[in-house]
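Input: a single structure, listed below in structure tokens.
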Amino acid sequence: MPRLADRPEDVPHVFADRFNSGDPSAVAEMYAEGAVFVPTPGTP
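To convert, note that position 2 of the sequence shown is 16 in the working numbering; the numbers rise steadily by one, no gaps.
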């Protein structure tokens, strides 16, 4: 699996690689325990 991002500007690319891998665990590794994903600010 691709590495985690080392620099803030790498986050979108690493996220896309992991998301497109089809492995939910790979995406979950990018989030801190207890994190909440909010796709659009102001929506639950």
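A virtual CB, placed ideally from N, CA and C, is assigned to each residue, including glycine. Quick caveat: nothing in here was measured; it's all calculated off a predicted structure.
A residue is called buried once 16 or more other Cβ atoms fall within 10 Å of its Cβ, and arginine 32 is buried on that count.
Boundaries of the alpha helix (DSSP H) around serine 39: 38-42.
The beta carbon of valine 41 sits closer than 6 Å to the beta carbons of Arg32 and Phe33 from its chain, once the five residues preceding and following it are set aside; these are given in chain order.
Taking the CA atoms as reference points, phenylalanine 51 sits about 18 Å from alanine 19.
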